[in-house]
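Student:
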Amino acid sequence: MRVSTSMIYDTNVAAMQDQTSNLLKVNQQIATGRRILTPSDDPVAAAQALGVGQSITTNDQHQTNQKTALSSLSLEESNLSSAQDLIQHIRDLAVSAGNAAYDNQNRGAIATEIRSSMKELLSIANTDDGKGNFMFSGFQAASAPFSVVPSGASAPVAYNGDQGQRLLQIEPARQVAISDPGSSVFMNVKSGNGSFVTSAPLSNSNPPGQVTSTNTGTGIIDGGNVLDQTKWAGVTPVVPVTGTGNINDRFSIVFAVDNTGVTPVTTYDIVANIDVKLNSPAGSGQTIAAGQSLITGAASATTNSTLTPAGPRLPRIYTPGQSISLQKLSTDGAAVPSNGQPAFSVAAAWDTGTAVSIDGTPASTLNGALPAPGTAAFAAASDNFTIKASSNESVFKTIDDLATLLETGVTNSATTGNADRAKLTNGLNTALTNLSNDLDRISTVRASVGSRLKEIDASQSLSADLGLQYQTNLSGLQDLDYTKAITSLNQNQVGLDAAQKAFVKVSGLSLFSYL
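For the sequence shown, my numbering begins at 1 and goes up steadily by one.
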């Protein structure tokens, strides 16, 4: 084989370039600390490293979201705590307002403090997160959730947000709510005991800004008890609603006082305010029309002219403080002094699953022919208490009604003073019950926030562990083995030196050197 001089040169140059390229590559690996500089160095490992790198990026974003969620929920929890303390303070003020030694001026001062506290509560409800996002607006984060409405409106504060909960992705398959809509925190709180509301007929609209009551006695009703939720749930209005009440208005307990004897006798009836169906016992489907007595199953004596001037009597005798069961009793139909009135019949079996207690001395001027329930004449004739299905009420309305109640003076009149104090006590009892419900609602929301904070803590720990594992996997795929790399560097250096020296020898070969 004939070897030309140019071939010798080309071959040696190519060999030295290969050695130089290998040396440069090893040098770059040592400088970067990475074994894979291009995908061609190890295609399989390069593909795996790309996947791990994407997982690291996603995990980093989840960790950022976790920090954001933690910050938002911590701020919400702090504000809920402040709101809870403020409502508790208002409730304490309501308790103190019931002090018998307080006069109208004392109660007026308490009302002023309560209204100031309501403004502070409104400020808390309109808190933002420092970035312009309102905490309790739902998805309407750019708008303040609550606003004061003009005087005389049905509610003192309006909710302008929606029902949404903003979510953040904190894990590949897990989202967490970082907000709660203000409607569920401050607005839609069940009134009364959560199933029904008991009250004396109080109104703060006639005249505006004053609480008035049609009751003239000293009867005080408690919050009532649900003995069987299923039976109470079976008390449903007949649609379309007839009668004088709204869809929540179920019953009235109406009193009559017979003063014709030596000892006055107080009796009462339980009257349907609207047409209702009693689905208890199960499947009975018994319908009680508006104005009918649940006790007799017929038109109540308070809605017709069966009460005579000789002394009005209703189906049950009233004993102060004794439980009043809204169900058929074994004693129904027993002898009730009637002063010549017809004996009361007994209705079919019925049971609303509820009971209330009334203390004090209800008053009544029922006598002779009576007007229909719900009319001004009827209200003026007899003390009565209403039982309504619970509805949603805002904490702001509860506080506003409480302040209005305390701003209404209690007279010292011998004829109306005791009635005014009973009105005050009934109103305070209603306010205290609703404020307790507000506290329970905020406690429930705080518990939910706390569980979410705990969930984020667990996610942070998991994400940190995943991040470490991902980095370990990535290091195993692309990090350099320095011992092996330095050995390879030395080998390549020796190889390059040898190639260079060999080229010098070979390039010096010539026949002319031997002539």
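For each residue, glycine too, the CB sits at the ideal point set by N, CA and C. None of the values given here were measured: they were computed from a predicted structure.
Alpha carbon to alpha carbon, how far is Q48 from A464?
Tutor: 21 Å
Student: Are the CB atoms of D222 and S357 nearer to each other than 7 Å?
Tutor: The answer is yes: Cβ separation under 7 Å.
Student: My understanding is that S394 touches V157, with C-beta atoms under 8 Å, so please give their C-beta distance in whole angstroms.
Tutor: That pair is a contact at about 6 Å.
Student: From this set, T425, A499, L435 and T411, which residue's C-alpha is nearest D103's C-alpha?
Tutor: If you compare the alpha carbons of T425, A499, L435 and T411 with that of D103, the shortest gap goes to T411.
Student: Check N12 in the structure and name its three-state DSSP category.
Tutor: helix
Student: Here's a check: name, in chain order, each residue in its chain whose Cβ is nearer than 7 Å to the Cβ of L435, leaving out the five neighbours to either side.
Tutor: I87, I90, R91, A94 and T398
Student: In three-state terms, what does DSSP make of A499?
Tutor: helix
Student: Mind checking which residues open and close the beta strand (DSSP E) that includes A272?
Tutor: Start and end: V265 to A272.
Student: Can you list, in chain order, the residues of its chain with a C-beta nearer than 7 Å to that of T11? Leave out the 5 residues immediately preceding and following it.
Tutor: none
Student: Any idea if Q175 is buried or exposed, counting beta-carbon neighbours within 10 angstroms, 16 or more meaning buried?
Tutor: Exposed, by the Cβ-count rule.
Student: Find out if the Cβ-Cβ distance for the pair L168, A97 is shorter than 7 Å.
Tutor: no
Student: Mind checking who R174 pairs with in its DSSP beta bridge?
Tutor: E171
Student: Given that a residue counts as buried once 16 or more other Cβ atoms are within 10 Å of its Cβ, and exposed if not, what is A142?
Tutor: exposed
Student: Measure the alpha-carbon distance for G182 versus T57 and round it to whole angstroms.
Tutor: 35 Å
Student: In whole angstroms, what is the alpha-carbon distance linking P145 and E76?
Tutor: 14 Å
Student: Rounded to whole angstroms, what's the CA-CA distance from Q500 to Q17? Just pull it up for me.
Tutor: 10 Å
Student: So F516 and I387 are in contact, right, with Cβ under 8 Å, and what is the actual spacing, rounded?
Tutor: No information on residue 516 is available, as it lies outside the stretch 1 to 515 that the chain covers here.
Student: If you follow the alpha helix (DSSP H) that I114 is in, where does it begin and where does it stop?
Tutor: N104 to A125
Student: Is the distance from the Cβ of Q286 to the Cβ of L294 below 7 Å?
Tutor: no
Student: Measure how close the beta-carbons of I114 and A83 come, nearest whole angstrom, since I'm counting them as under 8 Å.
Tutor: Going by Cβ atoms, the distance from I114 to A83 rounds to 15 Å, so no, they are not a contact pair.
Student: I think R250 touches A389, with their Cβ atoms under 8 Å apart; what is that distance to the nearest whole Å?
Tutor: Contact flag correct, Cβ pair sits at about 6 Å.
Student: When you compare each of D275, T266 and L432 to A363 by their alpha carbons, which one comes out closest?
Tutor: T266
Student: Taking the continuous alpha helix (DSSP H) assigned at T404, which residues delimit it?
Tutor: DSSP places T404 inside the alpha helix (DSSP H), whose first and last residues are V395 to E407.
Student: What are the boundary residues of the alpha helix (DSSP H) that includes T230?
Tutor: Counting along the chain, the unbroken alpha helix (DSSP H) around T230 starts and ends at Q229 to A233.
Student: Taking its Cβ as the centre, do 16 or more other Cβ atoms sit within 10 Å of Q327, making it buried, or is it exposed?
Tutor: Counting C-beta atoms within 10 angstroms of its own C-beta, Q327 has 16 or more neighbours from the protein chains shown and is therefore classed as buried.
Student: Less than 6 Å between C-beta atoms, sequence neighbours within five positions excluded: which residues of the same chain meet that for S205?
Tutor: Note that S205 scores 46 on pLDDT, short of 50, meaning its location in the model is unreliable and no value can be drawn from it.
Student: Given that a residue counts as buried once 16 or more other Cβ atoms are within 10 Å of its Cβ, and exposed if not, what is V235?
Tutor: buried
Student: L428: which of T20, A100 and E455 sits nearest, CA to CA?
Tutor: Out of T20, A100 and E455, A100 has the C-alpha closest to the C-alpha of L428.
Student: How would you label G321, buried or exposed, when you count the other beta carbons within 10 angstroms and need 16 or more for buried?
Tutor: Answer is exposed; the Cβ neighbour count stays below 16.
Student: Pull up the distance between the alpha-carbon of Q140 and that of Q165, whole angstroms please.
Tutor: 10 Å
Student: To the nearest angstrom, how far is the alpha carbon of S323 from that of N225?
Tutor: For S323 and N225, the distance between alpha carbons rounds to 10 Å.
Student: Leaving out five residues on either side along the sequence, give the residues of the same chain with a beta carbon under 7 Å from the beta carbon of R421.
Tutor: V410
Student: Is any heavy atom in the ligand GTP found nearer than 6 Å to the beta carbon of F139?
Tutor: The model depicted lacks the ligand GTP and carries no ligand whatsoever.
Student: In three-state DSSP terms, what is D85?
Tutor: For D85, the three-state secondary structure derived from DSSP is helix.
Student: Given this structure, state the Cα-to-Cα distance separating Y318 from A348, to the nearest angstrom.
Tutor: 22 Å
Student: State the start and end residues of the unbroken beta strand (DSSP E) segment that holds R250.
Tutor: D249 to D258
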